[in-house]
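These notes are about the structure you will find just below.
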Amino acid sequence: MIQNKWDDADERRFVDAAGSDPADQELARRVYTSRLIGQDHDLVLHGGGNTSCKVKRRDIFGNEIDVLHVKGSGWDLGAIQAPGLPGVCLKPLQELRALGALSDEDMVNFQRGNLLDSTSPNPSVETLLHAFLPHTFVGHTHATAMLALADLPNAKAVVGEIFGNRLAVVPFIMPGFELAKVAAEIFDNNPDVEGLLLINHGHFAFGDSARQSYDRLIEHTNMVEDWLEITSGAVPKSAGGRSPEMTAESTDILPLLRGIIGDANAAFSGDRDAKMPVMNLRNGENIQQFFERNDLAVLSRRGVATPDHVIRTKNYPLYLSSEMLAGGRAAISKAVDDFIAEYTTYFTLNAARFKAETGGEKTMLSPAPNLAWIEGVGIVGISADAKAASIASDLAAQNMTAMTNGEDCGGFHPVGPEKLFDMEYWSLEQAKLGKGTPPPFQGRVVMVTGGGGAIGLATAREFAALGANLFIVDLKQDALDHALSELGKGHGGIAMDITGDDAGERAMAACIQEFGGLDILVSNAGAAWSGEMAKLDNTTLRKSFELNFFAHQTFAKAAAAVFSAQGRGGQILFNVSKQAVNPGRSMGAYGIPKAATFFLLRQLALELGPSGVRVNGINADRIRSGLLDDAFVSERAKARGIDENTYMAGNLIRREVEAKHVAQAFVTLAKSERTTAHVMTVDGGNIEAALR
Ligand SMILES: [Zn+2]
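Under my numbering, the first residue of the sequence shown is numbered 5, with each subsequent residue one higher.
Here's what the structure looks like:
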């Protein structure tokens with residue numbers, strides 16, 4: 005059941021904050037109810053759905069005008085603010101109804117031309133539907149239950165059964181002018197209805213007040229949920245979630261699939277170094293149950309519950325059955341090839357039809373899958389970056405719920421590929437193609453060990469700023485939490501001790517679970533032990549070797565295994581140390597394993613080079629961090645009889661070297677496409693530690 009979350013005190017707060025203008029107060033009520041709607045994922049997901057209200061305002065001449073505030077594109081209902089509901093002059097919008105036809109470009113242009121504030125975002129593509137309805141408040145959702153209803157073969161009859169005359173039914177038409185016109189005609193013939201059910205699309209509910217419109221939206225949706233429950237005998241539950249247990253299958257299959265799709269991207273773009281996608285795995289209880297069905301192959305061919313989804317997930321998932329998975333790389337590769345061939349045919353046929361009808365041309369989007377159903381693994385969103393992959397998974401999970409509920413109640417039969425093509429290749433979306441360059445590390449998965457420390461976090465930040473998705477590994481949970489909150493959404497991590505023979509594999513499995521694979525390992529974690537070698541006990545030295553050498557080796561080894569499964573190269577970056585080449589007094593326990601790591605870097609570069617894996621590192625010195633904390637700096641400075649700043653700037657260029665400079669050097673190495681077996685010094689200049 006969807007909870008009705010209306011609260012008088014909350015409403016009051018929004019209204020009070022809006023000031024004394026009655027129009028602003030009504031808009032505040034719309035903002036409040038839009039958020040209530042947007043925050044419930046069973047009502048809307050990821051920018052889906054839209055809301056509006058009609059108010060009276062004064063124009064610049066002081067004349068009273070009718071204004072429609074309607075959701076602007078790029079805003080999410082769950083977090084919307086007043087500027088996210090731009091005002092448009094209502095009268096001119098309503099006059100459009102007299103036209104016989106209106107192109108999407110002309111519609112958008114006309115809507116922009118009638119904005120009250122020229123800097124507002126584009127009003128929703130469903131603006132005219134809001135404008136043509138007479139109600140003060142209109143809300144539109146793609147609620148899961150409503151989608152199950154909207155995709156039933158006998159949806160119209162079921163709407164009559166559930167709602168009597170309270171809801172009118174609108175046949176499927178692509179969002180835009182034509183849909184608005186037809187919906188308004190249907191409303192005019194049924195002026196007492198409280199809402200509309202749009203076949204294969206979603207739900208509208210309206211009212212004279214924000215409260216009435218919201219109450220109806222929730223009530224209608226719950227009436228459908230009740231019906232679904234009674235008809236199917238089961239409670240419709242939303243899918244999603246991720247099981248904390250990692251399956252061996254997902255660890256094996258996701259990097260393989262990631263590499264295969266990377267190969268497909270390379271073939272499609274003609275760029276050998278084309279990026280691999282980022283993946284988002286969902287394998288929660290409901291999804292596992294879904295995978296127990298015996299009609300998965302059939303259902304995988306049904307399509308998306310509402311046209312909005314097609315842009316994120318394509319119409320069909322890549323379906324990998326257990327039998328296919330048993331065939332290994334060759335079988336998965338063939339399944340991807342078949343998917344691409346079918347998608348290409350779909351594009352060619354529909355683009356030709358479009359050209360015959362309108363004379364227009366379409367440009368094919370990447371034909372690779374954006375979603376996979378993998379038996380024994382789960383559903384997997386596949387996109388250019390982690391955020392988009394997660395959205396694809398959310399929509400796919402919703403689709404799965406609507407599909408299950410629909411199938412249990414008469415059948416799930418969404419709109420066919422021909423009509424969906426018009427949505428997927430909507431002219432306004434096509435116009436955006438090729439505009440703007442993605443950030444250089446978009447979709448690159450970068451693991452940083454010791455990612456919660458000074459250098460690790462600075463490095464993670466630097467990569468994240470360039471679009472990478474970070475996987476942070478740190479010994480301490482609080483350091484990890486801090487790093488992830490600094491980095492924001494789209495990143496992941498694990499708190500663990502990185503010493504131990506299976507640590508690398510465990511970290512890789514967690515990273516695969518999060519993103520599907522790995523592109524760059526920054527093997528950064530380290531700690532210093534000191535003491536003169538002639539007096540040092542072996543236990544201390546061994547401890548240092550565990551962290552400052554063996555952890556580098558086990559992580560490199562585990563990363564190399566992921567790179568090998570992906571088959572598209574990769575990178576390892578080591579945080580070595582100037583100690584590796586220039587011993588400091590009493591620093592042997594630290595420098596000797598670092599010297600071994602320095603050699604490891606060259607050995608790995610030699611051995612992994614032929615498979616396209618580059619291995620580089622940094623020799624840094626005198627960076628304020630966990631290794632060199634304030635007390636240590638002060639002690640060192642005192643020992644030399646100089647002040648702290650002079651000590652920190654004790655290098656050729658007389659400037660302190662900071663963690664961010666090390667981070668920049670890691671990024672520089674990551675970008676240097678033909679550099680391997682290289683160690684870059686980041687120490688402000690130290691001739692004794694300079695490499696030959
Ligand atoms: Zn819609």
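We put the beta carbon where it would ideally sit given N, CA and C, even for glycine.
Locate the beta strand (DSSP E) running through residue 624, then write down its first and last residues.
That run of the beta strand (DSSP E) goes 617-624.
Under 7 Å: does the beta carbon of residue 182 sit that close to some heavy atom of ligand 1?
For residue 182, the CB stays at least 7 Å from every heavy atom of ligand 1.
Three-state class that DSSP yields for residue 491 in the structure shown
Helix, per DSSP.
C-beta atoms of residue 344 and residue 321 nearer than 8 Å
Not closer than 8 Å, so no.
Buried versus exposed, by CB contacts within 10 Å (16 or more), residue 517:
Label assigned to residue 517: buried.
Closest by CA to residue 562, which one among 95, 522, 432?
Comparing C-alpha distances from residue 562 to each of 95, 522, 432 shows the shortest one belongs to 522.
Taking only heavy atoms of ligand 1 into account, decide whether any of them is closer than 7 Å to the Cβ of residue 206.
Indeed, a heavy atom of ligand 1 lies less than 7 Å from the Cβ.
Backbone secondary structure at residue 594 - three-state DSSP:
The DSSP-derived three-state label of residue 594 is helix.
Buried or exposed: residue 324, going by 16 or more other Cβ atoms within 10 Å of its Cβ?
Here residue 324 is buried. Its C-beta has 16 or more other C-beta atoms within 10 Å.
What is the DSSP secondary structure of residue 321, reduced to helix, strand or coil?
The answer is coil: DSSP assigns residue 321 none of H, G, I, E or B.
Jot down the residue ranges of each uninterrupted beta strand (DSSP E) in the region 464-541, minimum 3 residues, whole runs only, in chain order.
Secondary structure remark: continuous beta strand (DSSP E) runs of at least 3 residues inside the region 464-541, in chain order: 473-478, 496-499, 524-527.
Residue 676 and residue 623 closer than 8 Å at C-beta:
No, they are not a contact pair.
Can you tell me where the beta strand (DSSP E) holding residue 208 begins and where it ends?
First-last of the beta strand (DSSP E) with residue 208: 206-211.
Can you list, in chain order, the stretches of the alpha helix (DSSP H) that have 4 or more residues and sit fully within the region 307-383?
Unbroken alpha helix (DSSP H) stretches of 4 residues or longer found wholly inside the region 307-383: 314-317, 326-330, 332-362, given in chain order.
Taking DSSP as the reference, what is the three-state secondary structure of residue 68?
Looking at residue 68 - three-state DSSP - the assignment turns out to be strand.
Does DSSP classify residue 576 as helix, strand or coil?
Residue state, collapsed to three classes: strand.
Which class does residue 172 belong to by DSSP, given the choice of helix, strand or coil?
Residue state for residue 172 is assigned as strand, using DSSP reduced to three classes.
If residue 198 sits next to residue 171, beta carbons under 8 Å apart, how far is it from one beta carbon to the other, in whole angstroms?
With 8 Å as the limit, residue 198 and residue 171 qualify as a contact, their Cβ atoms being about 7 Å apart.
Would you list the residues sitting across from residue 58 in a DSSP beta bridge?
Partner residues in the beta bridge of residue 58, as assigned by DSSP, are 72.
I need the boundaries of the alpha helix (DSSP H) containing residue 4, first residue and last residue.
Outside the displayed range of the chain (5 to 696) lies residue 4, so it cannot be described from this structure.
Would you mind giving the Cβ-Cβ distance between residue 709 and residue 91, rounded to the nearest angstrom? I have them listed as a contact below 8 Å.
A query on residue 709 cannot be resolved here, the shown segment of the chain reaching from 5 to 696 and no further.
Could you name each continuous beta strand (DSSP E) segment of 3 residues or more that falls completely within the region 122-200, going from the start of the chain to the end?
The beta strand (DSSP E) runs lying completely inside the region 122-200 and spanning 3 residues or more are 141-145, 171-174, given in chain order.
Kindly indicate which three-state DSSP category residue 302 falls into: helix, strand or coil?
Residue 302: helix per DSSP, three-state reduction.
Specify, as a first and last residue, the run of the alpha helix (DSSP H) that residue 284 falls within.
Careful: residue 284 lies outside any alpha helix (DSSP H), inside the beta strand (DSSP E) at 282-286.
Do the region 498-516 and the region 443-456 touch if we need at least three Cβ pairs shorter than 8 Å?
Judged by Cβ distances under 8 Å, the region 498-516 makes contact with the region 443-456, as three or more pairs qualify.
Do you know how far the Cα of residue 368 is from the Cα of residue 272?
Looking at the two C-alpha atoms, the distance is approximately 10 Å.
Considering only C-alpha positions, which residue in the set 265, 112, 28 is nearest to residue 336?
If we check each option's Cα against that of residue 336, 265 comes out closest.
Kindly indicate which three-state DSSP category residue 460 falls into: helix, strand or coil?
DSSP places residue 460 within a helical segment (H, G or I) once states are collapsed to three.
Exposed or buried, what is residue 307 when buried is set at 16 or more other beta-carbons lying within 10 Å of its beta-carbon?
Classification for residue 307: buried.
Expected contact under 8 Å - CB spacing of residue 159 and residue 228 to nearest Å
Wrong, their Cβ atoms sit about 11 Å apart, outside the cutoff.
What does the alpha-carbon distance come out to for the pair residue 123 and residue 69?
For residue 123 and residue 69, the distance between alpha carbons rounds to 20 Å.
Along the alpha helix (DSSP H) that carries residue 224, what are the first and last residues, could you check?
That run of the alpha helix (DSSP H) goes 214-236.
Opening and closing residue of the beta strand (DSSP E) in which residue 686 lies:
Per DSSP, residue 686 belongs to the beta strand (DSSP E) from 682-686.
Mind checking which residues open and close the alpha helix (DSSP H) that includes residue 566?
In the DSSP assignment, residue 566 falls within the alpha helix (DSSP H) that extends over 555-570.
8 Å Cβ cutoff, residue 689 in contact with chain D:
The structure shown contains no chain D; it holds only a single protein chain.
For the alpha helix (DSSP H) containing residue 652, name the first residue and the last one.
Annotation for residue 652: the continuous alpha helix (DSSP H) segment containing it runs 648-652.
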